[in-house]
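According to this note's numbering, the sequence shown is numbered sequentially starting from 26.
Below is one structure, written out as structure tokens; the observations come after it.
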Amino acid sequence: MVQRVAIIGAGVSGLASIKCCLDEGLKPTCFERSNGIGGLWRFSETTKSGRISVYRSVITNTSKEMSCFSDFPFPDNFPNYLHHSRLLDYFRMYAEHFDLLKYIHFGTTVHSIRKCPDFSASGQWEIVTEANGEQKSSIFDAVMVCSGHYAEPHLPLDSFPGIRNRFKGQCLHSWEYKDSDDFKGKRILVVGTGNSGGDIAVDLSHVAAQVFLSTRSGTWVVSRVSNQGFPLDMVFTTRFANCVEWLLPSVLASRIKRKKFSAWFNHENYSLFQQKSQELHLIVNDELPSCILCGAVVVKPNVKEFTETSAIFEDETVMDNIDVVVFATGFTASFPFLEESVQNVCKSKTSLYKYVFPPQLEKPTLAVLGFIQLTGSIMVGTELQARWVTRVFKGSNKLPQVSRMMTDVSKEKELLMKRPILVKLPTGSKFLRQH
Numbered sequence: 026m027v028q029r030v031a032i033i034g035a036g037v038s039g040l041a042s043i044k045c046c047l048d049e050g051l052k053p054t055c056f057e058r059s060n061g062i063g064g065l066w067r068f069s070e071t072t073k074s075g076r077i078s079v080y081r082s083v084i085t086n087t088s089k090e091m092s093c094f095s096d097f098p099f100p101d102n103f104p105n106y107l108h109h110s111r112l113l114d115y116f117r118m119y120a121e122h123f124d125l126l127k128y129i130h131f132g133t134t135v136h137s138i139r140k141c142p143d144f145s146a147s148g149q150w151e152i153v154t155e156a157n158g159e160q161k162s163s164i165f166d167a168v169m170v171c172s173g174h175y176a177e178p179h180l181p182l183d184s185f186p187g188i189r190n191r192f193k194g195q196c197l198h199s200w201e202y203k204d205s206d207d208f209k210g211k212r213i214l215v216v217g218t219g220n221s222g223g224d225i226a227v228d229l230s231h232v233a234a235q236v237f238l239s240t241r242s243g244t245w246v247v248s249r250v251s252n253q254g255f256p257l258d259m260v261f262t263t264r265f266a267n268c269v270e271w272l273l274p275s276v277l278a279s280r281i282k283r284k285k286f287s288a289w290f291n292h293e294n295y296s297l298f299q300q301k302s303q304e305l306h307l308i309v310n311d312e313l314p315s316c317i318l319c320g321a322v323v324v325k326p327n328v329k330e331f332t333e334t335s336a337i338f339e340d341e342t343v344m345d346n347i348d349v350v351v352f353a354t355g356f357t358a359s360f361p362f363l364e365e366s367v368q369n370v371c372k373s374k375t376s377l378y379k380y381v382f383p384p385q386l387e388k389p390t391l392a393v394l395g396f397i398q399l400t401g402s403i404m405v406g407t408e409l410q411a412r413w414v415t416r417v418f419k420g421s422n423k424l425p426q427v428s429r430m431m432t433d434v435s436k437e438k439e440l441l442m443k444r445p446i447l448v449k450l451p452t453g454s455k456f457l458r459q460h
């Protein structure tokens, strides 16, 4: 019977997991390698520690009304969209209100998580941690991995000939970017049009001589402010919209979305949408269209190659005197502390049952949380995941047989291959419907 639960990470998923363990009468122990809660939402001035955190100007893309934990609403005096510092304040209030901090071991690194020799019978895990230079081995009945999917920067330099051996300017990944202070008067190329790429391009445009934004497959840009001034997610993320997306043929659903996204401005006129793209990428950015319209940001296609000082694009145009290249090319998941057989499954989120449980384990005592990207707030999804996982651990909920879970995983992979999606990561809406 599961009693002692190890939780890896004290970010959004970790805090929700501690709370849900307590709700189910389980005994949580959370290991956090840094000295505070909040995960990537806890801003750091530098990257020396290797911990990934937000940049200084980050504002949430989901409103407070649609983002709070179910039993702890945001204070009334908080704005609809929050600066990262206000969101961190909320996490601290949540942790203090439910007395979660006493379950967290700060400054503790998890080195390894291995099955115990009798795992097929007990389902237990041996966890080796290190704090203050001392290692410790402990046995836990279950594990909740809450380290997130922003583990390691994805830097595909091999896809950009010349960037390693010819380009003489500065090259960095978006996780190294904190603010625009060091980039005044420079000509900067931002590669990638995800939320980070759009935000950084806008941020830099206020001080740079010129910002170029390179997009490989185009993107849809929407504002935080929607119909009649309501927050975007209160209008767009509804049960009706979800039903429409899953019930209509994908071609028709895609056409409806394109019409909706084009209501603000014609993306083709801004070089942001390319017909060849088979996926619908969506970013939230209130300022990017204005920056493009006034020339502070110039949209370019994918980079073909780099010279010593220039970038050559796939349309054969050349932008000279590039000082800095910022790669906003995302992140890859990493679970170096897991044993190899489990690690390989967890790295591929679509190989997890409902994006949570490795289906091949003899006992369902390990779960990965927060490994989805919702069309709404991640807090809502991870809290629901934590509820489900802790109930499975307790025995209140049962998982299907392994064969059924593997069949479900295969069907989900096929579905994701056939349907265009709003974001590259699975949206998790199916999980929310079923659990």
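Where a beta carbon is used, it is the ideal one built from N, C-alpha and C, also for glycine.
Because the structure is a prediction, the values reported are computed rather than measured.
Here F360 is buried, its C-beta having at least 16 other C-beta atoms within 10 Å. Q28 and F165 have their C-alpha atoms spaced approximately 8 Å apart.
Nearest in C-alpha terms to K285, of all of V168, L257, C371 and L65, is L257. Rounded to whole angstroms, the gap between the alpha carbons of I213 and D207 is 12 Å. The way I'd put it, the region 136-146 does touch the region 155-171; three or more beta-carbon pairs between them come closer than 8 Å. Taken atom to atom, the span from the alpha-carbon of V260 to that of K282 is near 13 Å. The beta carbons of C171 and G61 sit no closer together than 8 Å. The criterion of a C-beta distance shorter than 8 Å is satisfied by G34 and G173. Residue pairing by DSSP puts E177 in a beta bridge opposite T357. Note that the region 99-117 touches the region 68-88; at least 3 beta-carbon pairs, one per stretch, sit closer than 8 Å. Contact between F185 and E330 is confirmed by a C-beta separation of about 7 Å, below the 8 Å threshold. Setting aside the 5 residues that flank it on each side, L180 is surrounded in the same chain by H198, F352 and T354, each with a C-beta closer than 7 Å to its C-beta; the list follows chain order. Here G63 is near F116, since their CB atoms are less than 8 Å apart.
Secondary structure of Y128 (DSSP, three-state): helix. For P314, the enclosing alpha helix (DSSP H) stretches over residues L313 to L318. Here G223 is near I308, since their CB atoms are less than 8 Å apart. In the three-state reduction of the DSSP assignment, A288 falls in the coil class. In the three-state reduction of the DSSP assignment, C46 falls in the helix class. The criterion of a C-beta distance shorter than 8 Å is satisfied by E49 and K419. Across the structure, I188 and P425 are spaced so that their CA atoms are roughly 49 Å apart. Taking each of V434, Y128, F94 and S205 in turn and checking the Cα distance to V370, the smallest one comes out for V434. Put simply, the backbone Cα of D311 is about 31 Å away from that of P274. The DSSP assignment places 109-122 as complete runs of the alpha helix (DSSP H) inside the region 64-131, in order along the chain (cut-off: 4 residues).
Sixteen is the threshold: when 16 or more other Cβ atoms of the shown chains lie within 10 Å of the Cβ of C55, as they do, the residue is buried.
Nearest in C-alpha terms to S205, of all of T218, N190, D228 and N220, is D228.
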